[in-house]
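First the structure, in the form of C-alpha cells, and then the observations on it.
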Amino acid sequence: TISFNQSTLELSDINGGDLYPGEALIAVISLINSGDTTCNNITVKLLSGGLLITDPQYDPFLIEKLEPGRSKEVNIPLLVREGLTEDALAFVQLSVSSGETPEFLTVKQDLPVFGVRPYTRGKIPIVGLHAIEDDIEIPIELDAYHFDVLCRTLKSLGFETITFKDLLDHLDYGRALPEKSVIITSDDGFGDLYTNALPVIKKYDYTMTVFLVTGFIKETEEERVVNFFDADRPVPMRPMLIWPEVSEMFDYGCEFLSHSVNHIHLGLAGDEEFLYELIRSREDIESHLGNEVDLFAWPYDNSSPDKIPLLPEAGYRGAVKYSGGIEDIETIDINEIKRIEFNSYIPSDVYAGYLDLLDLEIKDRLNSPDQISGQQFTLEYTIKNNDNQDLKVNSFELEIGDNLKLDAVDPTGYVSQYPGKVDKTFIWVSDSYTISPGDQVDLILKLTGSGPGKAIVRFRLTAYNSYFNADDIEINIQ
11 TISFNQSTLE LSDINGGDLY PGEALIAVIS LINSGDTTCN NITVKLLSGG LLITDPQYDP
71 FLIEKLEPGR SKEVNIPLLV REGLTEDALA FVQLSVSSGE TPEFLTVKQD LPVFGVRPYT
131 RGKIPIVGLH AIEDDIEIPI ELDAYHFDVL CRTLKSLGFE TITFKDLLDH LDYGRALPEK
191 SVIITSDDGF GDLYTNALPV IKKYDYTMTV FLVTGFIKET EEERVVNFFD ADRPVPMRPM
251 LIWPEVSEMF DYGCEFLSHS VNHIHLGLAG DEEFLYELIR SREDIESHLG NEVDLFAWPY
311 DNSSPDKIPL LPEAGYRGAV KYSGGIEDIE TIDINEIKRI EFNSYIPSDV YAGYLDLLDL
371 EIKDRLNSPD QISGQQFTLE YTIKNNDNQD LKVNSFELEI GDNLKLDAVD PTGYVSQYPG
431 KVDKTFIWVS DSYTISPGDQ VDLILKLTGS GPGKAIVRFR LTAYNSYFNA DDIEINIQ
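Numbering (our numbering), first residue to last: 11 to 488.
Now the structure itself:
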C-alpha cells in the first residue's frame, strides 16, 4: 500500500507578525510515504484559492519516486496577492497525488490577511475615560447609561472601534482601518469595566483599550483591592479588576496596555524608578495575557519629554496622553498620542459635536461686510455633507443683531419657509432635512440693516443632538 497521511504542511512567515499584501511565506512540506510500496510520479500542489500565489516553478512540484518509509522535504515560496484593500481570509492546503493513489489533502489552514489602504478621514477620536459606574460620585467618572449613549452615538454614525495595535499596524504597514475609526480607552483598571462597560461594548460589537495599574490587579476575588493609590485625593474608592476578569475581556477582544505599576507621577520620577514602573507593568501584562505591550498612558497625565529617550530601554514604542484633543493620522506623534477627555461634565446631547464625529462644512457667502442701512442684502449659507452617510439635520438656527431684520428666505434655496422665532433666535425645524453624502444645500437669506453700527450674525445647525456652528459674521451697517 501507499499512504501519505502522515505528510505535513507548515507555514513560515518570513517577516513575522500579521500578513499584508505582497508579503512572502514559505510552505514547509514534509512528504512521507508511510506505506510499504514505492510511489512513482508524485504531484505535490498547494491549493490556496487565489489570495496566496505559488512560485510558478513549484506549481506543481513533481517527485519522481518515494520509497516506503522515506520522506522528502520541500520548501515552496508563497506570496500574498497585491492590491487587497479590505481584510480577507486566505487558506492553504496540501494536495498530494499520483497515478497509483487517490488524492491526499491536508486540512485547510486559514490565514487572515489585512488589507492596505489610506485612512482618508484622517481624524481618529481616542476617547479617554476612567470608571464606568452605576452611580457616579465625581465628574471624572461616567455612569453606565451615558456610556451606552456614547457607544450608541458612535454606532449610529457608522464608527467602529479599533485598538492601538491596529493603529500602529496602519502606521507601520498601511493596514486598512474602518472608514470611521474610534478608540475607546479607560485608565487604571476599575472593576466596573468588567461589570458595566463590557456588556455595553458587547452590545454594540465594540472593543476597548484599558491602561492597567498592574500593581493593583490581583489574582483572586479574595485579594481584590480598591484604588488606594488615590487615597490622598478626594475620589471614591472603587474595586479594581482581577486577572481572571482581565483575561476574559482580553479573550473577547479588549486590549490591555500599561499605566505603570503603582500609578505614580512618572514625569517626576527618577530614571531608575521610571524604568522599573514601565518594565514591570509591561511584564505583568505580557505574562498574564501573552500579548505585546508597546504603549503606556501617563498617570495623572504627568508626561515628560525628558523620559521619552528611555522608552526603548523599557520595551515601549510610545506614550499616550490623557488630553490634547482629536488625533490625526497625518500628524500623529506616537510619543505623544492625544486623547480627548470624556466625563460626566459633557452633556449627552453634544457627544457627536464634542468628538467631531460628523464631517460637514458650513460656509457663508456675503458680498461685503459693509451694508447701507435700509437697503436689502443677501447672506447665503452652504452646508456640505462630506460624510459617507446621510446627514439628518434637525434644525437650522440663526441669531442676528438688533439692527438687522430678516425680510425673507429665498425660495430657490434648500429651505424656503420663513422660520419660527424663540427669543432672538430664528429656527427652522423639520424631520425631513436630509443631505446625502457628498451633497450640499443652500440657505439664502434676505436681510436689511435697520440702523448704523456693527451687527453679529451667528448660524448653526443641530444634528444627532449636537450643535455645529458656522463662523460668526460681523456686518457694519452704515
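Even for Gly, the Cβ is constructed at its ideal location relative to N, Cα and C. The model shown is predicted, which means the values in this text are computed figures rather than measured ones.
Asked, Found
"Beta bridge counterpart(s) of I391 as assigned by DSSP", "Note that residue 391 is Tyr in the sequence shown, not Ile. In DSSP, Y391 forms a bridge with D374 and L453."
"Helix, strand or coil at G430 according to DSSP, with G and I counted as helix", "strand"
"8 Å Cβ cutoff met for N50 and E77", "no"
"Cβ neighbour criterion (16 or more within 10 Å) applied to I485", "buried"
"Candidates I289, G277, E282 and G335: closest to D316 by CA position", "G277"
"8 Å Cβ shell around G363 - same chain, five flanking residues per side excluded", "S476, Y477 and F478"
"Cα-Cα separation between V90 and N404, rounded to whole angstroms", "48 Å"
"Counted within 10 angstroms of its Cβ, other Cβ atoms place L471 as buried (16 or more) or exposed", "buried"
"Reference R349; option with closest CA among L41, I193 and L57", "I193"
"Sub-8 Å separation of T64 and V137 beta-carbons", "no"
"C-beta contact flag for F101 and S58 at 8 Å", "yes"
"Cα-Cα separation, N206 to E232", "21 Å"
"Coarse secondary structure for K118, derived from DSSP in three states", "coil"
"L401 CB to nearest heavy atom of the ligand MN below 7 Å", "As presented, the structure is devoid of all ligands, the ligand MN included, so that no description of it is given."
"Residue burial classification, P9 (beta-carbon count within 10 angstroms, cutoff 16)", "An answer regarding residue 9 cannot be provided, because it is not within the stretch 11 to 488 covered by the chain."
"Own chain residues within Cβ distance below 6 Å of S314, not counting five before or after", "G277"
"Length-filtered (4 minimum) alpha helix (DSSP H) runs lying within the region 124 to 207", "154 to 166 and 174 to 183"
"Extent of the continuous beta strand (DSSP E) to which Y332 belongs", "G328 to G334"
"Residue burial classification, A418 (beta-carbon count within 10 angstroms, cutoff 16)", "exposed"
"Beta-carbon separation (whole angstroms), V467 vs D482, contact threshold 8 Å", "7 Å"
"CB of E282 within 8 Å of CB of I274, strictly", "no"
"Three-state secondary structure assigned by DSSP to E96", "coil"
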